[in-house]
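Asker:
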Amino acid sequence: MSKFLSTLTHGKRFKAAVKELPFDELMVFAIRLENIIKQRETQAAADLEKNAERNAQIEAIRKQVVELGLCMDDINSLPRSAGGKIERRPAKYKIQVNDQVITWTGRGRRPTVFNIKLDEGFELNDFLIR
């Protein structure tokens, strides 16, 4: 805990720290602190409302689970998705340039080396992987 918070939360230390402040400055700090407290209350109420909707939805789902005669083991045994992993497509075309093999799936932007060979008169089917 910081020294400031330690002073603020300890009654006697706080009283000693503000003892030298003029009354009008103390009132300014009190107003600022009151504004911060109101903002926190507003945020807490908004969070509570947000959680109330979520908790109501969870309770509705629990009721449906009970009505269907299911238990958590039934739900936990369901297969889970792969987690968004994208399966790579196999290469459809292949070309060898300077001891380097370049492949292309046939989707997306065509690699430049394929474009060069096509300009030279080759057909795309010439590079088809069989």
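Quick note: the sequence shown uses the numbering used here, first residue 57, plus one each step.
For glycine and all other residues, C-beta sits at the position ideal for the given N, C-alpha and C.
This structure is a prediction, so every number in the text was calculated from the model and none was measured.
Taking all protein chains shown into account, do 16 or more other C-beta atoms lie within 10 angstroms of the C-beta of Phe178, making it buried, or fewer, making it exposed?
Answerer: What you label residue 178 is simply residue 122 of the sequence shown in a count that begins at 1. Phe178 is exposed by the Cβ-count criterion.
Asker: For Phe85, count neighbouring Cβ atoms within 10 angstroms of its own Cβ and tell me buried if that reaches 16, exposed if not.
Answerer: Position 29 of the sequence shown, counted from the start, is the residue given in the question as residue 85. Flag for Phe85 reads exposed.
Asker: How do the stretch 156-172 and the stretch 117-133 stand: do at least 3 beta-carbon pairs fall below 8 Å, yes or no?
Answerer: no
Asker: In three-state DSSP terms, what is Arg65?
Answerer: The residue you call residue 65 lines up with position 9 of the sequence shown. Checking the displayed sequence, the identity of residue 65 turns out to be Thr instead of Arg. Here Thr65 sits in helix by DSSP.
Asker: Spatial neighbours of Gln120 within its chain, please: CB distance less than 6 Å, with the 5 preceding and 5 following residues excluded, ordered by chain position.
Answerer: Along the sequence shown, read from residue 1 onward, the residue named residue 120 stands at position 64. Once the five neighbours on either side are set aside, Gln120 has no close Cβ partner at all.
Asker: Helix or strand or just coil, what does DSSP make of Leu134?
Answerer: Along the sequence shown, read from residue 1 onward, the residue named residue 134 stands at position 78. Correct three-state label for Leu134: coil.
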